[in-house]
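To start, the structure itself, in structure tokens.
Protein chains in written order, with my numbering: chain V, 1 to 353; chain P, 1 to 353.
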């Protein structure tokens, strides 16, 4: 490998290279290894306060406007699955990252990496899905790029979308705003996206098809904010699932999080599929669900707003934030015991988004 | 291929599918096929005035601020080449697209798609290059994403960067602003990036190593604007080279472009390499060069400003814009004949950025 400016890697890179000398699938899984890669490589390299906020997107002011800016690449396999495809995912995923910053999504970019030999019909279908999803989420796709690589050097279609949104309130929505006593809500049943992908990938069929929950979340989030809800932190429950998200927030906020397994909404068919496939619903990705931290006094009103919106019906309270000497996520199990929750480790669900 | 919402592709897709039923490398080459894919698939699907401007980025107002927003994916092969690597390219390429909108680059996002098994040392080297390039271009990388795909499903590292910039003037920089009589300038010698990549890829060595011209162009462009130059159109000379860019602008502006082959700056070593490798310098990509359309009365002053900046020394006048019944690019050759210039067709230089 010809590196122009050779760097003493072992001396300069803070990653424990003895352990992780090569990129593994789990580095992209949204769990512990993804977290470690970000913390030890990307955050120090590009050191700046915006990146250090460790949020779903960056927020900054330009003149007097507060903007949010975010990006995600989509490498989901297979490209088409019950309830969506890589195109719907690429629009909704980035719309949702803007929503999690409390921003109204305005404009999206799209960068396509196509594999030589891809059927033009497949690309066309994906582009139509993107168009439809963008219309539904009320965003405009305004700039783009297309690259093609040789057959065997990619896998059909990879899409990156970045998004710009406008923040029209004075809330500071971030892990740093989470407070002891906050109520923790989720916006509906968990894990359907993960099961939809895995079932499609493995050729499994259940009694009824489990469809991805992929959906644009800006409308319900903006309804909360317009309704005066003090949203302290918002996070969509994608890679790594509820468990990884809660651990990340607990660590970033320096708090203890207590959740109740009985309160976590998982559909019976999803629970059944988890048993067959050997998954824990706590780590399953959803692409249309988020977790919300609000002052306890706001919880009922927030649930009222969410449950009146079609995309967030089934929202419920799952736990609360407690003071902590060390950050921790603790779950009271269905049988009354307690269990300490860690981030996803290993590669439970590669390429689910 | 299980498509959820089957679409009558043949009836709905405006591409001539008999001819192009599959994606070919040339669809990503920046020439005629890329152009056709954009015009017949992406622009109609996402139909909006910003996309229809066919510029290097979208420009729009948020409250009273004019912003530019752009994206590019980088799939260059090999990852490291004389004068740069995929990391420098990923920063400078997007910085330059913002500069071509006349914007001051502010913030960048980065989306990594990594192949399982990539040496962590390689990623570290690329990240260090990105850090250095971002510092030199005075932009902050503020948000990012990492995905990992299985070994054999990508090629080492693909990077997408998107960028947000601020437009601090009232010029309308776009093909639509090009006027009959405009002078056409280029910001230095052409084609070094293309030759650097091809020589590295093919294992060729010349008497002296030809290094990529990859460089951030925001500073010289902002100097022009601060200097009162009426920049009607700016475009960086990447995929497809000078020829493809001029044809695209001629078609978008509905003008005839006359250039003089004798005036086009190409270094002797690049010209020699072109002869050996069978390339036409007009179609070679540069990653640190741009073409500038200005009123003829501004030309000398613009050249003065550009030639006083280290990254754009060697800028010169190469032609002018003429009225036309049909858009065309005409070149007076070194031997005095005239030649009609078309966009790059086929796949002269796949994966050069």
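Heads up, the beta-carbon is just placed ideally off N, CA and C, and yes, glycines get one too. Computed from a predicted structure; not experimentally measured.
Checklist line | residue 274 of chain V, enclosing alpha helix (DSSP H) - first and last residue | finding: In the DSSP assignment, residue 274 of chain V falls within the unbroken alpha helix (DSSP H) covering 268 to 277.
Notebook entry, point to check: Between which two residues does the beta strand (DSSP E) carrying residue 224 of chain P extend?
Noted result: Segment 218 to 226 is the alpha helix (DSSP H) holding residue 224 of chain P; no beta strand (DSSP E) there.
Check: Taking residue 287 of chain V as the reference, which of V:74, V:36, V:342 has the closest Cα?
Finding: For residue 287 of chain V, the nearest C-alpha among the options comes from V:74.
Notebook entry, point to check: DSSP puts residue 78 of chain V in a beta bridge; with which residues?
Noted result: The secondary-structure analysis by DSSP pairs residue 78 of chain V with nothing; it has no beta-bridge partner.
Next item on the list: Indicate whether at least one CB of chain V lies closer than 7 Å to the CB of residue 146 of chain P.
Entry: Yes, contact with chain V.
Checklist line | residue 38 of chain V - containing alpha helix (DSSP H), residue span | finding: Run containing residue 38 of chain V: none; DSSP gives neither H nor E here.
Notebook entry, point to check: residue 309 of chain V CB to nearest chain P CB: under 7 Å?
Noted result: Against chain P, the CB of residue 309 of chain V has no partner CB under 7 Å away; the residue lies outside that interface.
Note to self: Quick check: the segment 186 to 202 of chain P against the segment 132 to 151 of chain P, are at least 3 beta-carbon pairs closer than 8 Å?
What the structure shows: Segments in contact, no.
Margin query: Out of V:283, V:175, V:281, V:82, which one is the CA nearest neighbour of residue 256 of chain V?
Written below: Checking every option, the nearest Cα to that of residue 256 of chain V belongs to V:175.
Notebook entry, point to check: Is any beta-carbon of chain V found at less than 7 Å from that of residue 153 of chain P?
Noted result: It does: the Cβ of residue 153 of chain P has a partner Cβ on chain V nearer than 7 Å.
Notebook entry, point to check: So, are the CB atoms of residue 29 of chain V and residue 344 of chain V less than 7 Å apart?
Noted result: Yes, these two residues count as a Cβ contact at 7 Å.
Item checked: Nearest-angstrom Cβ-Cβ length linking residue 69 of chain P and residue 109 of chain V, presumed shorter than 8 Å -> A Cβ-Cβ distance of about 6 Å is found for the pair residue 69 of chain P and residue 109 of chain V, placing them in contact under the 8 Å criterion.
Item checked: Contacts that residue 292 of chain P makes with chain V (C-beta to C-beta distance below 9 Å) -> The premise fails here: residue 292 of chain P is roughly 21 Å from chain V at the closest Cβ pair, so nothing lies under 9 Å.
Note to self: If contact is defined by three or more beta carbon pairs under 8 Å, each pair taking one atom from either stretch, is the segment 275 to 290 of chain V in contact with the segment 185 to 197 of chain V?
What the structure shows: Remark: three or more beta-carbon pairs, one from each stretch, lie closer than 8 Å, so the segment 185 to 197 of chain V and the segment 275 to 290 of chain V are flagged as touching.
Margin query: Using only the alpha-carbon positions, how far apart do residue 141 of chain V and residue 94 of chain P sit?
Written below: Spanning the two alpha carbons is a distance of roughly 17 Å.
Notebook entry, point to check: Would a check of beta-carbon distances place residue 269 of chain P closer than 7 Å to chain V?
Noted result: Using a CB distance cut-off of 7 Å, residue 269 of chain P does not count as an interface residue toward chain V.
Notebook entry, point to check: Which class does residue 213 of chain P belong to by DSSP, given the choice of helix, strand or coil?
Noted result: Secondary structure at residue 213 of chain P: coil, using DSSP grouped into helix, strand and coil.
Checklist line | Best match in V:102, V:301, V:164 for proximity to residue 222 of chain V [C-alpha to C-alpha] | finding: Ranking the options by Cα distance to residue 222 of chain V, first place goes to V:102.
Check: residue 4 of chain P to residue 351 of chain V, Cα distance in whole Å?
Finding: Its pLDDT being 45, under 50, residue 4 of chain P is placed unreliably in this model, and the value from its coordinates should be taken loosely. Cα-Cα distance, rounded: 19 Å.
Note to self: Give me the DSSP bridge partner(s) of residue 107 of chain P.
What the structure shows: Per DSSP, P:140, P:164.
Checklist line | Reduced DSSP category for residue 195 of chain V - H, G, I as helix; E, B as strand; rest coil | finding: In the structure shown, residue 195 of chain V sits in a helix (DSSP, three-state: H, G or I).
Checklist line | Alpha-carbon spacing of residue 119 of chain V relative to residue 129 of chain P, whole angstroms | finding: Whole-angstrom Cα-Cα distance: 36 Å.
Check: Just curious, the beta strand (DSSP E) that residue 303 of chain P is in, first and last residue?
Finding: Annotation for residue 303 of chain P: no beta strand (DSSP E) segment contains it, though the alpha helix (DSSP H) segment containing it runs 299 to 307.
Next item on the list: Quick one: which residues of the segment 95 to 114 of chain V get their C-beta closer than 8 Å to a C-beta of chain P? List them in chain order.
Entry: With the criterion set as a beta carbon lying under 8 Å from some beta carbon of chain P, the members of the segment 95 to 114 of chain V are 106, 107, 109, 110, 111, 112, 113, 114, in sequence order.
Next item on the list: Mind reading off the beta-carbon distance from residue 104 of chain P to residue 166 of chain P? Whole number of angstroms is fine, and I expect it under 8 Å.
Entry: The Cβ separation is near 5 Å, so the contact holds.
Check: Count the other CB atoms within 10 Å of the CB of residue 298 of chain P; is the residue buried (16 or more) or exposed (fewer)?
Finding: When all chains shown are included, residue 298 of chain P counts as buried.
Note to self: With a threshold of 8 Å, are at least 3 pairs of Cβ atoms found where one atom belongs to the segment 257 to 266 of chain V and the other to the segment 319 to 332 of chain V?
What the structure shows: By the Cβ test, the segment 257 to 266 of chain V is in contact with the segment 319 to 332 of chain V, since at least three Cβ pairs between them sit closer than 8 Å.
Next item on the list: Answer with buried or exposed for residue 1 of chain P, where buried requires no fewer than 16 other C-beta atoms within 10 angstroms of its C-beta.
Entry: Annotation note: pLDDT 41 at residue 1 of chain P (below 50); position unreliable, no value reported.
Check: Looking only at its own chain, which residues have a Cβ that is under 7 Å from the Cβ of residue 231 of chain P, when we skip the five neighbours before and after it?
Finding: Setting aside the 5 residues that flank it on each side, residue 231 of chain P is surrounded in the same chain by 102, 171, 173, 224, 225, 292, 294, each with a C-beta closer than 7 Å to its C-beta; the list follows chain order.
Next item on the list: Determine whether the Cβ of residue 320 of chain V lies closer than 7 Å to any Cβ atom of chain P.
Entry: Taking Cβ atoms only, chain P never reaches closer than 7 Å to residue 320 of chain V, which makes this a no.
Notebook entry, point to check: Can you name the start and end residues of the alpha helix (DSSP H) that residue 322 of chain V belongs to?
Noted result: Per DSSP, residue 322 of chain V belongs to no alpha helix (DSSP H); it is in the beta strand (DSSP E), 316 to 322.
Item checked: Reduced DSSP secondary structure (H/G/I, E/B, other) of residue 3 of chain P -> Caution is warranted here: a pLDDT of 46 is assigned to residue 3 of chain P, below 50, making its placement in the model unreliable, and the coordinate value is therefore given only provisionally. Coil, per DSSP.
Margin query: Once DSSP output is grouped into helix, strand and coil, what is the label at residue 118 of chain P?
Written below: Residue 118 of chain P: coil per DSSP, three-state reduction.
Notebook entry, point to check: Among residues of its own chain, excluding the 5 on either side of residue 6 of chain V, which ones have a beta-carbon nearer than 7 Å to its beta-carbon?
Noted result: Because the pLDDT at residue 6 of chain V is just 44, under 50, the model does not fix this residue reliably, and the value given afterwards should be weighed accordingly. Excluding sequence neighbours, residue 6 of chain V sits near nothing in its chain.
Notebook entry, point to check: If you draw a straight line from the C-alpha of residue 81 of chain P to the C-alpha of residue 346 of chain V, how long is it?
Noted result: Rounded to whole angstroms, the separation of the alpha carbons of residue 346 of chain V and residue 81 of chain P is 34 Å.
Note to self: With a threshold of 7 Å on Cβ separation, who are the neighbours of residue 89 of chain P within its own chain once the five nearest residues in sequence on each side are excluded?
What the structure shows: 74, 76, 214, 287, 353.
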